[in-house]
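2 protein chains.
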Amino acid sequence: MTDSADLLKIYAWNVNGLRACARKGYLDWLHGSDADVVGLQEVRALEEQLTKKVSQPEGWQTHFFPAEFKKGYSGVGLYSRKAFDEVSTTMGEERFDREGRTQIAKLGKLTIANVYFPNGSGTNRDLSRIPYKLDFYDRLREMLQPALERGEPVLVMGDFNTAHQDIDLANPTTNRETSGFRPEERASFQQWLDAGWTDTFRHFCAEPEHYTWWTYRGNCRARNVGWRIDYVLASPGAMEFLMAAEIHPDVMGSDHCPVSVTLHRDVLG
Amino acid sequence: MTDSADLLKIYAWNVNGLRACARKGYLDWLHGSDADVVGLQEVRALEEQLTKKVSQPEGWQTHFFPAEFKKGYSGVGLYSRKAFDEVSTTMGEERFDREGRTQIAKLGKLTIANVYFPNGSGTNRDLSRIPYKLDFYDRLREMLQPALERGEPVLVMGDFNTAHQDIDLANPTTNRETSGFRPEERASFQQWLDAGWTDTFRHFCAEPEHYTWWTYRGNCRARNVGWRIDYVLASPGAMEFLMAAEIHPDVMGSDHCPVSVTLHRDVLG
DNA sequence: CATTGAAGG
DNA sequence: CCTTAAATG
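As given, the protein sequences belong to chains A and B, one line each in that order.
With the UniProt record's numbering, the residue at position 181 of the first sequence is 181, and numbering never jumps.
With the UniProt record's numbering, the residue at position 192 of the second sequence is 192, and numbering never jumps.
So, in structure tokens, the structure goes:
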């Protein structure tokens, strides 16, 4: 029998600007949540631009990794009730590291990669950033693969900016050529699964109409015209401890909603 | 005896972005007002960016003159219940005309110059735009002087971006070096009076603490820490018909408030 | 402390 | 449709 004290709940949320999200109640959500760890994407702020209540909330350990080449762009952040043993941010390539996209944290034996994968759309709504996005997918996967193969528990979570299959977006047909659902992007996502990672939400739920992002345009969220582009992937070593995977569409504050996994605490070793 | 049907009421208002001002009730003010003519400064929009209710309100004739070299910058607009006989916008120098600062309208014999005088502060909060501002003052004054000397009724109204005397701002001492109250700017304003123009508000009111602009910072408007930088100047030919000059500090929607003059309708000839 | 456009999403 | 920064006031 497992009671809640034995559980570890981990969230990933693209907040689309933490300052804006904070105005809409981020701290209420955080303090009221059952989260042990929260990974944010698109923080879009330097730590010093945040209020102290947001950057260092009572009862939480935080780490921020902003983009260094452009203010207000990208950026990831981690919150944990218990201090991480280690947080690293390098992918070994300056072109990835400078965009504030990746934090890899250790909590006991568990590795948590909090990631904001690149958007494939370039400056003029073109597809010019797709090669960078695919390279990023490859580099991170190659980086984490050894730990997976050693049987370690690893989570890769965040905004992948790709819907995997037709079931993962409301309008697959009209979006076949749209960045985020193009064949090469979907194939790149598939490579993670082929390499042994599990899409934790799909592990528990085969139903359609579960999305994590809705454009602000045209009232899409109310109509649930969305995309599932935020995921928690788990290595086989983490799957042994996986109790649940959820999407939280009722949590407001961003155009994305949080996603989560619940693990048995034994995953920490 | 003069009743209200014999009066002509003319307003000038720096709206600090007409789209923003419209969100805060500009049309309610306009339709509820006793204005015959309204001159706006800092419209900061092309006519096609305005809603039709704002750009062509029922019962009003309108003319807009935007800056042509930068979107969202400067721009003046005129509203009149009765059609103008003529509206011209050129000062004869491209460097002035391209910034959308001046409309000179004729209503019968009355000439109304609706003007957004340049701010003296340059890009880096420096004083680099003061020479341009002073040249603008000179050019417009020289342009209008012949009509004044012919005895015609002329009004020059709008945001002069200069407080004339100590009485015209809450903190004269600390602002002696600030653009808007520097000696050379005040002298340039004084030249209008020396040339025969009357500061209509001061004609009726010698009291201090009457301001037309308050910075949004630090709750200055509630504390009435402001500047009188919006004026209606009248030629001797207009002064003959002047009944009142007012400041309307209770009209909200901008960091400036409207100013007005009331003339006898005989000024139209 | 506001407004605006631009880039990015 | 929304966030952010930069220019401007």
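Backbone N, C-alpha and C define an ideal beta-carbon position, used for all residues, glycine too.
Computed from a prediction, not measured in an experiment: that's the story for all the values here.
Check	Outcome
Distance between A/L193 and A/A206 (C-alpha atoms, nearest Å)	16 Å
B/S88, DSSP secondary structure in three states	strand
Beta-carbon proximity list for A/E246, same chain, < 6 Å, skipping 5 on both sides	S260
Buried versus exposed call for residue 357 of chain B [16 or more other C-beta atoms within 10 Å across all chains shown]	Since the displayed chain B opens at 1 and closes at 269, residue 357 of chain B lies outside it and no answer follows.
Rounded separation between B/T102 and B/R223 - CA only	32 Å
Length of the line joining the Cα atoms of B/T198 and A/S254	56 Å
Minimum C-alpha distance to A/K71 - residue among A/E47, A/K53, A/F204, A/A35	A/E47
Burial state of B/H164 (16 or more Cβ within 10 Å)	buried
C-alpha gap between B/I167 and B/P208, whole angstroms	5 Å
Delimiting residues of the beta strand (DSSP E) encompassing B/L110	110–116
Buried or exposed (CB count within 10 angstroms, at least 16 for buried), B/R44	buried
C-beta contact flag for B/L148 and B/S74 at 8 Å	no
Coil, strand or helix - B/S179 by DSSP	coil
Simplified DSSP state of A/Q41, which is helix, strand or coil	strand
Rounded separation between A/T123 and A/R228 - CA only	23 Å
B/I247: first and last residue of the uninterrupted beta strand (DSSP E) it sits in	242–247
Three-state secondary structure assigned by DSSP to A/Q61	strand
Same chain, Cβ closer than 6 Å to B/W13, neighbours up to 5 away in sequence not counted	L40, P258
Supposed contact pair B/N119 and B/N161 - C-beta distance, whole angstroms, cut 8 Å	5 Å
Segment limits, alpha helix (DSSP H) that includes A/Q103	No alpha helix (DSSP H) holds A/Q103; the beta strand (DSSP E) holding it covers 102–107.
Span separating the alpha-carbon of B/Q49 from that of A/R217	20 Å
Proximity below 8 Å, CB of A/D36 to CB of A/R95	no
Assumed close pair residue 309 of chain B, B/Y231 - CB separation to whole angstroms, cut-off 8 Å	Any answer about residue 309 of chain B is impossible in this case: the structure gives chain B only from 1 up to 269.
Sheet register partners of A/S80 (DSSP bridge)	A/V37, A/Q61
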